[in-house]
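Visitor: First the structure, which I've put down as structure tokens, then a few questions once you've had a look.
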Amino acid sequence: MSDPFPPSEPPETVGIVGAGIVGLAHAWSAARRGHQVTVFERSPIASGASVRNFGMVWPIGQPSGEALAIALRSRACWLELSEQSNIWINPCGSIHLAHREDEWAVLEEFAQVAPELGYSCELLSRSEVLARSPGANPDGLLGGLFSPMELCVNPRAVIRTLPGWLADRFGVSFHLGTAITQVEPGLARSADGRSWSFDRLIICGGADFETLFPDLLHGSGLRRCKLQMLKAAPQPNGWTLGPHLASGLTLRHYANFEVTDSLAALKQRIAAETPELDQYGIHVMASQNELGEIILGDSHEYDDAIDPFDKSLIDDLILRELRHVIQLPDWSITERWHGIYAKHAAAPVFEAEPMPGVSVRTGTSGSGMTMSFGLAERSWETTRS
Numbered sequence: 133m134s135d136p137f138p139p140s141e142p143p144e145t146v147g148i149v150g151a152g153i154v155g156l157a158h159a160w161s162a163a164r165r166g167h168q169v170t171v172f173e174r175s176p177i178a179s180g181a182s183v184r185n186f187g188m189v190w191p192i193g194q195p196s197g198e199a200l201a202i203a204l205r206s207r208a209c210w211l212e213l214s215e216q217s218n219i220w221i222n223p224c225g226s227i228h229l230a231h232r233e234d235e236w237a238v239l240e241e242f243a244q245v246a247p248e249l250g251y252s253c254e255l256l257s258r259s260e261v262l263a264r265s266p267g268a269n270p271d272g273l274l275g276g277l278f279s280p281m282e283l284c285v286n287p288r289a290v291i292r293t294l295p296g297w298l299a300d301r302f303g304v305s306f307h308l309g310t311a312i313t314q315v316e317p318g319l320a321r322s323a324d325g326r327s328w329s330f331d332r333l334i335i336c337g338g339a340d341f342e343t344l345f346p347d348l349l350h351g352s353g354l355r356r357c358k359l360q361m362l363k364a365a366p367q368p369n370g371w372t373l374g375p376h377l378a379s380g381l382t383l384r385h386y387a388n389f390e391v392t393d394s395l396a397a398l399k400q401r402i403a404a405e406t407p408e409l410d411q412y413g414i415h416v417m418a419s420q421n422e423l424g425e426i427i428l429g430d431s432h433e434y435d436d437a438i439d440p441f442d443k444s445l446i447d448d449l450i451l452r453e454l455r456h457v458i459q460l461p462d463w464s465i466t467e468r469w470h471g472i473y474a475k476h477a478a479a480p481v482f483e484a485e486p487m488p489g490v491s492v493r494t495g496t497s498g499s500g501m502t503m504s505f506g507l508a509e510r511s512w513e514t515t516r517s
């Protein structure tokens with residue numbers, strides 16, 4: 133498939149700081165428009181939040197309106213990118229499971245208003261859920277909400293392979309292991325004293341608030357959020373999870389469900405029964421990559437509560453709650469990790485133009501895989517308009 137954008141007249145030189153998913157999305161968005169793109173990454177390969185997530189492209193979790201539209205545009209970009217690059221994508225959809233009456237009430241209420249808000253989803257009976265996913269725990273299952281909009285990608289594979297494809301397909305230049313420590317209009321300087329000139333610079337530094345524009349970022353309303361996650365072994369005999377699975381705990385995490393009146397009762401019940409889940413921001417979900425591995429999580433700790441030491445209690449709580457709602461042939465845990473991402477309370481991304489020709493794009497609030505490509509497309513169009 134050919135790219136839909138004719139070369140810009142004249143093409144610009146674009147420098148991008150950060151080779152996580154936000155930076156790579158902006159690199160693709162610029163390169164497919166005919167611009168000469170250079171990407172800088174301080175590590176040999178990006179190793180922050182972009183490789184420490186479920187790999188869920190999750191439109192269902194975005195509030196209706198602009199955010200949902202961006203997520204759906206990003207979804208379309210992922211599918212286009214997969215067709216061109218052979219990056220693995222599974223259009224698996226998702227199911228929110230209901231094992232409690234108040235969870236089912238939220239799903240019923242949301243399903244009634246979802247079509248007019250732009251969501252594609254349908255209520256499933258208990259038997260219909262079990263027919264779509266052998267991973268749903270049948271004990272106490274009342275039903276679920278299926279959405280066909282969600283995709284699954286393998287974050288680690290994407291971050292490893294997309295730079296090479298961008299280089300081959302569009303001539304994007306990558307300077308890995310190169311920390312950009314100073315930016316001026318039209319100029320980027322690295323820690324080792326080298327410098328590069330550009331017409332436009334885009335800073336995609338994730339949760340790094342200190343290296344570039346620290347005053348701007350610390351006064352921006354951005355927060356750091358730490359999550360803990362786990363990975364289960366490849367499942368035996370080709371067993372597949374089916375759609376992404378999310379528990380009723382997730383209904384209180386994503387803003388889309390705030391349109392329901394019944395959500396308040398669910399939140400109150402969780403706070404009264406299991407306050408430890410609110411203390412650590414735990415809601416549980418599962419996805420499966422092309423290797424058959426099951427990605428499990430997660431938790432949310434903010435600001436001063438973040439430290440470098442992971443809590444085994446959090447992992448135990450995640451697994452406890454997951455066992456209530458899903459079943460796996462093999463629960464062997466092969467990896468545990470944490471990630472830290474930047475979150476903005478009021479916007480799907482933090483955007484600023486601190487200098488002429490210099491843009492800051494960060495703070496995708498844990499939705500980088502879901503939002504980055506749509507945000508990059510919108511950002512370029514807005515910048516050029």
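Read in order, the letters of the sequence shown correspond to residues 133 to 517 in my numbering. Note that beta-carbon positions come from the ideal geometry of N, C-alpha and C, so glycine has one too.
Alpha carbons only, please: which of G337, I414 and L308 is nearest the one belonging to V315?
Guide: By one-based count along the sequence shown, residue 315 stands at place 183. The shortest CA-to-CA distance from V315 to any of G337, I414 and L308 is the one to G337.
Visitor: Can you give, in chain order, each stretch of the beta strand (DSSP E) that sits fully within the stretch 258-304 and has at least 3 residues?
Guide: 275-279 and 283-285
Visitor: Only counting the same chain, and skipping five residues up and downstream in sequence, which positions put a Cβ closer than 6 Å to that of G471?
Guide: Here the question's residue 471 lines up with position 339 in the sequence shown. Counting only Cβ-Cβ distances below 6 Å, and skipping sequence neighbours, we find A181, R184 and L359.
Visitor: Secondary structure at K363, three-state DSSP: helix, strand or coil?
Guide: Within the sequence shown, the letter at position 231 stands for residue 363. Looking at K363 - three-state DSSP - the assignment turns out to be strand.
Visitor: Just to confirm the assignment, what range does the alpha helix (DSSP H) spanning G155 have?
Guide: Locating residue 155 in the sequence shown gives position 23, counting from the first residue. From DSSP, the alpha helix (DSSP H) with G155 extends over I153 to A163.
Visitor: Between which two residues does the beta strand (DSSP E) carrying R384 extend?
Guide: Reading the sequence shown from its first residue, position 252 is the one you call residue 384. Note, R384: premise wrong, no beta strand (DSSP E); not H, not E.
Visitor: Helix, strand or coil for T145, going by three-state DSSP, please let me know.
Guide: For the purposes of this step, residue 145 is identified with residue 13 of the sequence shown, where counting begins at 1. Residue state, collapsed to three classes: strand.
Visitor: Three or more beta-carbon pairs under 8 Å between the stretch 366-376 and the stretch 479-499, yes or no?
Guide: no
Visitor: With 16 other CB atoms within 10 Å as the buried threshold, where does S329 fall?
Guide: As a working mapping, residue 329 is identified with position 197 in the sequence shown. Under this definition S329 is an exposed residue.
Visitor: The alpha helix (DSSP H) that contains W236, what's its start and end?
Guide: In the sequence shown, the residue the question calls residue 236 occupies position 104. That run of the alpha helix (DSSP H) goes E233 to L249.
Visitor: Taking the alpha-carbon positions, what's the A396 to E390 distance?
Guide: Taking the first residue of the sequence shown as position 1, residue 396 is located at position 264. Taking the first residue of the sequence shown as position 1, residue 390 is located at position 258. C-alpha separation (whole angstroms): 9 Å.
Visitor: Would you kindly work out how many angstroms separate the C-alpha atoms of P266 and E342, rounded to a whole number?
Guide: If you number the sequence shown from 1, residue 266 lands on position 134. If you number the sequence shown from 1, residue 342 lands on position 210. C-alpha separation (whole angstroms): 46 Å.
Visitor: Could you tell me which of T382, I334 and V154 sits nearest to V146, measuring between CA atoms?
Guide: On the sequence shown, residue 146 is found 14 positions in, with the first residue counted as 1. The option with the nearest alpha carbon to V146 is I334.
Visitor: Looking at the secondary structure, which residues open and close the alpha helix (DSSP H) in which Q400 lies?
Guide: As a first step, residue 400 is located in the sequence shown; it is residue number 268 there, counting from the start. Looking at the DSSP string, the run of the alpha helix (DSSP H) that includes Q400 is L395 to E405.
Visitor: Among the candidates S511, K475 and R164, whose CA atom is the shortest distance from the CA of L354?
Guide: Taking the first residue of the sequence shown as 1, we reach residue 354 at position 222. Minimum Cα distance to L354 is reached at K475.
Visitor: Closer than 7 Å, CB to CB, is I219 near chain C or not?
Guide: This model lacks chain C altogether, as it is built from one protein chain only.
Visitor: Grab me the residues of W210's own chain with a C-beta within less than 8 Å of its C-beta, minus the 5 sequence neighbours each way, in chain order.
Guide: Taking the first residue of the sequence shown as position 1, residue 210 is located at position 78. Taken in chain order, the residues that qualify are V189, I221, L283, V285 and F505.
Visitor: Can you name, in chain order, every residue of its own chain whose Cβ lies under 7 Å from the Cβ of D410, other than the five neighbours on each side?
Guide: In the sequence shown, the residue the question calls residue 410 occupies position 278. These residues qualify, in order along the chain: I402 and A403.
Visitor: Report the start-end ranges of each alpha helix (DSSP H) in the stretch 439-472 that is 4 residues or longer and not cut off at the edges.
Guide: 444-457
Visitor: Buried or exposed for R493, please, with buried defined as at least 16 other CB atoms from any protein chain shown within 10 angstroms of its CB.
Guide: Residue numbering aside, residue 493 sits at position 361 when the sequence shown is read from its first letter. By the 10 Å Cβ count, R493 comes out buried.
Visitor: Compute the distance between the beta-carbons of L249 and V457, then report whether it is under 7 Å.
Guide: Residue numbering aside, residue 249 sits at position 117 when the sequence shown is read from its first letter. Residue numbering aside, residue 457 sits at position 325 when the sequence shown is read from its first letter. No, Cβ-Cβ distance for L249 and V457 is not below 7 Å.
Visitor: Note down the Cα distance separating S499 from I148, rounded to an integer number of angstroms.
Guide: Along the sequence shown, one-based indexing puts residue 499 at 367. Along the sequence shown, one-based indexing puts residue 148 at 16. Going from the Cα of S499 to the Cα of I148 covers about 20 Å.
Visitor: Which residue comes first and which comes last in the beta strand (DSSP E) that contains R321?
Guide: Start at 1 with the first residue of the sequence shown, and residue 321 comes out as number 189. Segment L319 to S322, the beta strand (DSSP E) holding R321.
Visitor: Do M417 and A477 have their C-beta atoms closer together than 7 Å?
Guide: On the sequence shown, position 285 is the one that residue 417 refers to. On the sequence shown, position 345 is the one that residue 477 refers to. No. Outside cutoff.
Visitor: Give me the Cα-Cα distance between L362 and A311, rounded to the nearest whole angstrom.
Guide: Counting from 1 along the sequence shown, the entry for residue 362 is found at position 230. Counting from 1 along the sequence shown, the entry for residue 311 is found at position 179. Going from the Cα of L362 to the Cα of A311 covers about 30 Å.
Visitor: Secondary structure at W190, three-state DSSP: helix, strand or coil?
Guide: The count along the sequence shown starts at 1 and reaches residue 190 at position 58. DSSP places W190 in the coil class of the three-state scheme, outside both helix and strand.
Visitor: State the beta-bridge partners of E433 as determined by DSSP.
Guide: Locating residue 433 in the sequence shown gives position 301, where the first residue counts as 1. The partner list for E433 (beta bridge, DSSP) reads K358.
Visitor: What is the rounded straight-line gap between the Cα of A162 and the Cα of G303?
Guide: Within the sequence shown, the letter at position 30 stands for residue 162. Within the sequence shown, the letter at position 171 stands for residue 303. Taking the straight line from one Cα to the other gives about 12 Å.
Visitor: Applying the 10 Å Cβ sphere with the 16-neighbour rule, what's the burial state of D234?
Guide: Taking the sequence shown and counting its residues from 1, the one referred to as residue 234 is at position 102. So D234 counts as buried.
Visitor: By Cβ distance, which residues of its chain are closer than 6 Å to C357, with the 5 residues on each side in sequence left out?
Guide: Sequence index remark: in the sequence shown, residue 357 carries index 225 (1-based). Answer for C357: H432, Y434, Y473 and K475, listed in chain order.
Visitor: Give, in chain order, every unbroken run of the beta strand (DSSP E) that is at least 3 residues long and sits entirely within the stretch 323-352.
Guide: Within the stretch 323-352, the complete beta strand (DSSP E) runs of at least 3 residues are 327-329 and 332-335.
Visitor: Here's the rule I'm using: 16 or more other beta-carbon atoms within 10 Å means buried, otherwise exposed. How should Q244 be labelled?
Guide: As a position in the sequence shown, residue 244 is number 112, starting the count at 1. With fewer than 16 other Cβ atoms within 10 Å, it is exposed.
Visitor: Report all residues from its chain with a CB closer than 7 Å to the CB of A159; omit the five preceding and five following residues, and keep chain order.
Guide: Working through the sequence shown from its first residue, we reach residue 159 at position 27. Correct list, in chain order: I148, V169, V171, L298 and V304.
Visitor: Please classify P295 as buried or exposed, where buried requires at least 16 neighbouring CB atoms within 10 angstroms.
Guide: As a position in the sequence shown, residue 295 is number 163, starting the count at 1. With 16 or more Cβ atoms within 10 Å of its Cβ, P295 is classed as buried.
Visitor: In three-state DSSP terms, what is P486?
Guide: Indexing the sequence shown from 1 puts residue 486 at position 354. In this structure, P486 counts as strand in the three-state DSSP scheme.
Visitor: Find out if the Cβ-Cβ distance for the pair H376, S226 is shorter than 7 Å.
Guide: Counted from its first residue, the sequence shown places residue 376 at position 244. Counted from its first residue, the sequence shown places residue 226 at position 94. Yes, the pair counts as a contact, with Cβ atoms nearer than the cut-off.
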